[in-house]
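The structure appears below as structure tokens.
Pasting the structure below:
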């Protein structure tokens, strides 16, 4: 396990979740999965009995093309090379020490994503116009 030092000291009010530390040390895929699930149940109980959030909302980020054969694990024989997926992030508002805080969970930088090998290959195959005007829809900035 990589030990990070100082990364929590500059973020006020956050605490490290240590409940998974022992589970990640378990050997073997099956036993490790069982240990992680057990730890996750404990974390769920902690969240369920803790303070409630003020609001939760999903926000659209962008659509993206994804190969049909991977999306459906090669099960269907479809003529469409891509399925269109809608990526959304989650905005959670909560109170921390009486102050309203916002947590943006699972945001995506669609511009930086274009540099990944998968999307670079797709852009080369279909061209920039199709990739960015047909297969992708961008939503308002968060």
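Residue numbers (this note's numbering): 2 to 143. In this text, a Cβ means the ideal position worked out from N, Cα and C, and glycines have one as well.
Mapping DSSP to helix, strand and coil, what is residue 18? What you label residue 18 is simply residue 17 of the chain shown in a count that begins at 1. Residue 18: coil per DSSP, three-state reduction.
Taking the straight line between their C-alpha atoms, what separation do you get for residue 54 and residue 106? In the chain shown, counting from the first residue as 1, residue 54 sits at position 53. In the chain shown, counting from the first residue as 1, residue 106 sits at position 105. Straight-line Cα distance between these residues: approximately 14 Å.
Could you tell me the boundaries of the beta strand (DSSP E) in which residue 87 lies? Numbered from 1 along the chain shown, position 86 holds the residue referred to as residue 87. Residues 83-97.
What's the gap between the Cα of residue 86 and the Cα of residue 66? Counting from 1 along the chain shown, the entry for residue 86 is found at position 85. Counting from 1 along the chain shown, the entry for residue 66 is found at position 65. Each residue's alpha carbon lies about 6 Å from the other.
Close beta carbons around residue 58, own chain, < 8 Å, minus the five adjacent residues each side: Along the chain shown, read from residue 1 onward, the residue named residue 58 stands at position 57. The residues are 91 and 92.
Given that a residue counts as buried once 16 or more other Cβ atoms are within 10 Å of its Cβ, and exposed if not, what is residue 62? For the purposes of this step, residue 62 is taken as residue 61 along the chain shown, with counting starting at 1. Its Cβ being crowded by 16 or more others within 10 Å, residue 62 is buried.
Decide if the stretch 15-23 is in contact with the stretch 31-47; the criterion is three or more beta carbon pairs, one per stretch, under 8 Å apart. yes
Can you give me the C-alpha to C-alpha distance between residue 50 and residue 95, rounded to a whole angstrom? As a position in the chain shown, residue 50 is number 49, starting the count at 1. As a position in the chain shown, residue 95 is number 94, starting the count at 1. Cα to Cα, residue 50 sits roughly 15 Å from residue 95.
Could you name the residues of the same chain whose beta carbon sits closer than 6 Å to that of residue 104, not counting the 5 residues immediately before and after it, in chain order? Locating residue 104 in the chain shown gives position 103, counting from the first residue. The answer, listed in chain order, is 93.
I'd like to check one pair, residue 81 with residue 69: are the Cβ atoms closer than 9 Å? Here residue 69 refers to the residue found at position 68 of the chain shown. Here residue 81 refers to the residue found at position 80 of the chain shown. Yes, they are a contact pair.
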